[in-house]
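Numbering (full-length UniProt numbering), first residue to last: 1 to 287.
All C-beta atoms, glycine included, are put in the ideal place defined by N, C-alpha and C.
The structure under discussion appears below in the form of structure tokens.
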Amino acid sequence: MLGKDLIISFRPKQWIKNLFVLAALIFAQKFLDKQALVLSLLAFFAFCLISSSVYLINDVADAEKDKAHPLKKNRPIARGTLSKPVAVWAAIILLIAAVFISFKLGFWFLIILILYWLLNLFYSFYLKNLVILDVIAVSLGFVLRVIAGAVAIGVVFSSWLLLCTFFLTLFLALGKRKNEMLHISGNSTRGVLANYSLDLLNQMNAVVLPSALLAYALYTFNSKHSQWLMLTVPVVLFGLFRYLYIIDKKNGSDNGPADDLLLDRPLQLTVLIWVVMVIVILIKFNY
1 MLGKDLIISF
11 RPKQWIKNLF
21 VLAALIFAQK
31 FLDKQALVLS
41 LLAFFAFCLI
51 SSSVYLINDV
61 ADAEKDKAHP
71 LKKNRPIARG
81 TLSKPVAVWA
91 AIILLIAAVF
101 ISFKLGFWFL
111 IILILYWLLN
121 LFYSFYLKNL
131 VILDVIAVSL
141 GFVLRVIAGA
151 VAIGVVFSSW
161 LLLCTFFLTL
171 FLALGKRKNE
181 MLHISGNSTR
191 GVLANYSLDL
201 LNQMNAVVLP
211 SALLAYALYT
221 FNSKHSQWLM
231 LTVPVVLFGL
241 FRYLYIIDKK
251 NGSDNGPADD
261 LLLDRPLQLT
271 VLIWVVMVIV
281 ILIKFNY
């Protein structure tokens, strides 16, 4: 049972978030380069380890609060089937393993990885209780993933790509807060929700959603493949709207966008279509 409880606490479903590490591999047209592919996969694995380390520490810190949550009370640490000392040691081992992998990816990758870990620790113990800064911190974590992916394969990251990442993930984070308010606020252990309102979240999304779409559109227009990459803009727009629909009408998952993507077939199909379109366009006009 110990092994099973540890794996559950690693939250492997959330590793899907680390796919942002591969963004530079795709948009720098390095996905047919075997060495770049291997380095990107190592970077992805390092972020999976470091994120699981953070999840364990977060669960240890929030164990008492999680016991009062309708879903989080079933987490191994909250229900007492995984002891806090074991969880802390597991978190340390995962951190060391991630750092070891980082040595193969260069000094600056290691620095970014450590910054990501520190940002998430700061979030777990402080920032998650500060309105607005909580969702910005989440978005910055994704931006660091993209930068790390670019550093790992030695390419210059696009400022437009970073803007796209920031606004897109900020939109997703705001959507998660809205879902928590709509469906579980009465049982939520997230104290920062008291400082949000549906009106505020809707107003923030009214700014962030068009910003995300505009940043992506400008990125495609500034690409040397622009006459074709811009064809993916409607697909991105549908994906953003579909996520809004899930939150408003279908009761999005408490675990956020990662579970929504894993559970919603139309959203999965949208992401698949977008990935295929981007890769085909980049291959056709670059190789």
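Query raised in the report: Considering only residues of the same chain and omitting the five flanking positions on each side of leucine 161, which have a CB-CB separation below 7 Å?
Result: Your numbering for residue 161 matches position 161 in the sequence shown. Closer than 7 Å at Cβ, skipping near neighbours: Ala23, Phe27, Val146, Tyr219.
Query raised in the report: To the nearest whole angstrom, what separates the beta carbons of residue 337 and serine 124, a pair I think is in contact under 8 Å?
Result: Lying before the first or after the last residue shown, residue 337 is absent from the chain, which here runs from 1 to 287.
Query raised in the report: Relative to the alpha-carbon of serine 223, which residue among Phe285, Ile246, Leu261, Lys176 has its alpha-carbon at the smallest distance?
Result: Here residue 223 refers to the residue found at position 223 when the sequence shown is read from its first residue. Nearest of Phe285, Ile246, Leu261, Lys176 to serine 223, Cα basis: Phe285.
Query raised in the report: Taking the Cβ atom as the reference point for each residue, do isoleucine 136 and leucine 170 lie within a distance shorter than 8 Å?
Result: Position 136 of the sequence shown, counted from the first residue, corresponds to residue 136. Position 170 of the sequence shown, counted from the first residue, corresponds to residue 170. A contact, by the Cβ cut-off of 8 Å.
Query raised in the report: Can you list, in chain order, the residues of its chain whose CB lies under 7 Å from that of serine 139, leaving out five sequence neighbours each side?
Result: Start at 1 with the first residue of the sequence shown, and residue 139 comes out as number 139. The residues are Phe166, Thr169, Leu170, Ala173.
Query raised in the report: Between tyrosine 287 and the rest of its own chain, which residues show a CB-CB distance below 6 Å, the 5 nearest in sequence each way excluded?
Result: Along the sequence shown, read from residue 1 onward, the residue named residue 287 stands at position 287. In this predicted model, tyrosine 287 has a pLDDT of only 46, less than 50, meaning its place in the structure is not dependable; the value taken from the coordinates is given anyway. Cβ within range, chain order: n/a, list empty.
Query raised in the report: Once you ignore the five residues that flank asparagine 58 on each side, which residues in its own chain have a CB closer than 7 Å to its CB?
Result: Translated into positions along the sequence shown, residue 58 becomes position 58. Only Ser124 meet the Cβ criterion.
Query - Residues near asparagine 195 by beta carbon distance below 7 Å, same chain, minus five either side - result: As a position in the sequence shown, residue 195 is number 195, starting the count at 1. These residues qualify, in order along the chain: Val131.
Report task. Compute the Euclidean distance between the alpha carbons of isoleucine 273 and isoleucine 153, then round it to the nearest angstrom. Result -> In the sequence shown, residue 273 corresponds to position 273, counting from 1. In the sequence shown, residue 153 corresponds to position 153, counting from 1. Those two C-alpha atoms are separated by around 25 Å.
Query - Beta-carbon contacts of aspartate 199 that lie in its chain and below 6 Å, excluding the five residues immediately before and after - result: Indexing the sequence shown from 1 puts residue 199 at position 199. Nothing meets the Cβ criterion.
Requested in this report: Classify lysine 176 as helix, strand or coil using the three-state DSSP reduction.
Outcome: To locate residue 176, count along the sequence shown from 1; it is residue 176. Here lysine 176 sits in helix by DSSP.
Requested in this report: For proline 85, name the three-state secondary structure that DSSP assigns.
Outcome: Taking the sequence shown and counting its residues from 1, the one referred to as residue 85 is at position 85. Looking at proline 85 - three-state DSSP - the assignment turns out to be helix.
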